[in-house]
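Colleague:
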Amino acid sequence: MYFLKPVIDFDRFVRGLLFLAVITILVLGLRWLSPVLIPFFAAWAIAWILAPVVNFFQNTCRLRSRVLSVLITLALLIGLASAVAWLIIPPLIDGVTQIKDALLSYLASGHIRNIHLPEWLDHLMQQWLDQEKIQSMLRSDNLMKTIRETLPHVWNMLVSTANLVMSLVGAAFGALYLFFLLLDYDYYTTAWINWLPRTQRNFFRRLSEDLGNNMRGYFRGQALVALSNCIMFTLGFWIIGLPMPLGMGLFVGLISFIPYVQVVGFAPAAVLALMEMSDTGRSFWGLMALVLLVYIVVQVLQDTVFTPRIMGKIMGLSSAMVLLSLSIWSYMAGIIGLIIALPLTTIILAYY
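Going by numbering that gives the first Met the number 0, 204 is the number at position 205 of the sequence shown; the sequence numbering is gapless.
(1) With DSSP collapsed to three states, give me the class of Gly280.
(2) Just the Cα atoms here: how many angstroms apart are Ile45 and Arg11?
(3) For Ile338, collect the residues of the same chain with a Cβ closer than 7 Å to its Cβ; drop the 5 residues on either side in sequence, then sort them by chain order.
(4) Given 8 Å as the limit, is there contact between the stretch 202-221 and the stretch 307-321, that is, 3 or more CB pairs closer than that?
(5) What three-state label does DSSP hand Met310 in the structure shown?
(6) Whole angstroms is fine: what's the gap from Ala349's alpha carbon to Pro196's?
(7) Taking Ser64 as the reference, give the member of Tyr330, Ile37 and Leu181 with the closest Cα.
(8) Under 8 Å Cβ to Cβ from Phe40, same chain only, skipping five residues before and after it: list those, please.
(9) Could you name the residues of the same chain whose beta carbon sits closer than 7 Å to that of Arg204, not counting the 5 residues immediately before and after it, in chain order?
(10) Taking DSSP as the reference, what is the three-state secondary structure of Arg63?
(11) With DSSP as the reference, label Pro89 as helix, strand or coil.
(12) Rounded to a whole number of angstroms, what is the C-alpha to C-alpha distance between Thr233 and Thr72?
(13) Candidates Ala50, Asn228, Leu16 and Val270: which alpha carbon is nearest Pro89's?
(14) Taking a contact to mean a Cβ-Cβ separation below 7 Å, would you say Met274 touches Pro244 in this structure?
(15) Whole angstroms is fine: what's the gap from Val296's alpha carbon to Gly336's?
(16) Here's the rule: buried if 16 or more other CB atoms are within 10 angstroms of the residue's CB, otherwise exposed. What is Ser255?
(17) Can you tell me whether Leu49 is buried or exposed? The criterion is at least 16 other CB atoms within 10 Å of its CB, across all chains shown.
(18) With Ser207 as the anchor, note down where its alpha helix (DSSP H) starts and where it stops.
(19) Can you tell me whether DSSP reads Met0 as helix, strand or coil?
(20) Nearest to Leu223 by CA position, among Phe283, Val304 and Ile309, is which residue?
(21) Under three-state DSSP, which class holds Ile257?
(22) Counting only the same chain and skipping the five closest in sequence on each side, list residues whose C-beta sits under 7 Å from that of Val52.
(23) Asp10 by DSSP, collapsed to three states: which one?
(24) Terminal residues of the continuous alpha helix (DSSP H) containing Asp302?
(25) Look up Pro342 in the DSSP assignment and say whether it is helix, strand or coil.
(26) Determine whether the beta carbon atoms of Leu206 and Cys229 lie at a separation below 7 Å.
Listed below in structure tokens is the structure:
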């Protein structure tokens with residue numbers, strides 16, 4: 000049974016070592032270059048989404064200039080993002096200002112106007128806002144100690160500022176990547192196939208087309224799910240009396256484009272609940288309980304009705320397979336797994 004025994008000669012051993020070395024160098028290089036590569040791949044993903052819009056302006060609207068089509072698309076994207084930010088950010092700033100005024104009123108008079116705080120909350124705030132501790136920190140004998148304890152925080156602030164600057168630089172490069180990728184997107188999406196051996200090109204071309212079709216179908220379906228979430232959250236927040244229901248509904252619905260990320264909306268909802276409490280004296284915890292109820296109802300409807308039916312119809316998967324796919328891929332790859340779960344599951348089942 001000699002043919003069953005693997006033959007490992009010196010050449011094969013060396014090739015194996017070289018292959019492992021190349022993989023190791025590639026992984027280490029990707030980690031080292033991740034600050035540069037992340038903006039590029041993010042720009043590529045956005046370009047992949049916006050390319051049909053650019054082609055629509057250039058071909059359907061008969062704009063001969065590719066540059067003009069790209070600029071119009073980017074202007075629409077910026078306008079849409081600005082409109083959403085205008086609906087969300089100013090009311091949140093007003094809410095934070097009202098909360099600050101309420102805290103100043105509490106420091107000055109020991110109570111907030113029109114609001115009776117529970118005894119446990121009043122005691123807790125008295126501990127947090129201990130004026131004797133603040134005065135002790137400012138005494139001359141404790142001043143140097145306070146400075147020594149504060150310096151690390153100042154250093155952390157400087158480091159955070161530097162990281163913010165680097166993030167802004169990365170965002171600027173990402174915008175440049177996006178512009179130039181959109182200019183020659185069709186070339187970039189077809190040129191890579193020429194790097195492969197001729198015998199493998201047809202297979203990978205079909206695989207790329209199938210993956211692209213599945214990803215486009217997924218994004219269309221997920222956009223419909225996000226739109227339904229926008230409507231349901233807006234109605235829910237309006238019914239329970241949460242301030243700024245339209246802005247909050249749009250915000251939570253848009254971030255739900257990535258499944259289950261809408262839980263991030265709890266933070267601004269808490270700010271709005273505090274603002275409502277300072278204005279009307281309404282119970283903060285009662286309002287947050289209603290917000291939680293809205294989340295539960297919308298999540299149940301999304302998981303049992305909208306996602307299985309919309310995504311199942313578009314991706315050709317049963318409701319059980321949709322939920323199972325999302326669960327498995329999210330466990331393996333987190334948020335990225337939630338994004339790629341349904342397209343990759345469809346491809347795997349089709350080619351299997």
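Positions of the beta carbon are idealized from the N, C-alpha and C atoms, including for glycine. All of these numbers come straight from a predicted model, not from anything done at the bench.
Modeller: For this structure:
(1) Coil, per DSSP.
(2) C-alpha separation (whole angstroms): 42 Å.
(3) Cβ within range, chain order: Ile257.
(4) Look at the beta carbons and you see the stretch 202-221 touching the stretch 307-321: at least three pairs across the two are nearer than 8 Å.
(5) Three-state result, Met310: helix.
(6) For Ala349 and Pro196, the distance between alpha carbons rounds to 24 Å.
(7) When Tyr330, Ile37 and Leu181 are compared, the shortest CA-CA separation from Ser64 is found for Leu181.
(8) Cβ neighbours of Phe40 beyond the five flanking positions: none.
(9) Close CB contacts of Arg204 within its chain, under the 7 Å cut and outside five residues either way in sequence, are with Ile192 (chain order).
(10) Arg63 falls in the coil class under three-state DSSP.
(11) Helix.
(12) Distance between Thr233 and Thr72, taken at the CA atoms: about 28 Å.
(13) Ranked by how close their Cα comes to the Cα of Pro89, the residues Ala50, Asn228, Leu16 and Val270 have Val270 in first place.
(14) Against a cut-off of 7 Å, the Cβ pair of Pro244 and Met274 comes out as no contact.
(15) For Val296 and Gly336, the distance between alpha carbons rounds to 24 Å.
(16) Residue burial annotation: Ser255 is buried, with at least 16 other C-beta atoms found within 10 angstroms of its C-beta.
(17) Of the other Cβ atoms in all chains shown, 16 or more fall within 10 Å of the Cβ of Leu49; this residue is therefore buried.
(18) Element bounds for Ser207: Arg197 to Ile239.
(19) Unreliable placement is indicated for Met0, whose pLDDT of 46 sits below 50; no coordinate value is reported for it.
(20) Measuring from the Cα of Leu223, the nearest candidate turns out to be Ile309.
(21) In the structure shown, Ile257 sits in coil (DSSP, three-state: anything other than H, G, I, E or B).
(22) The answer, listed in chain order, is Thr72.
(23) Helix at Asp10.
(24) No alpha helix (DSSP H) contains Asp302, which DSSP labels as neither H nor E.
(25) Helix, per DSSP.
(26) No. Outside cutoff.
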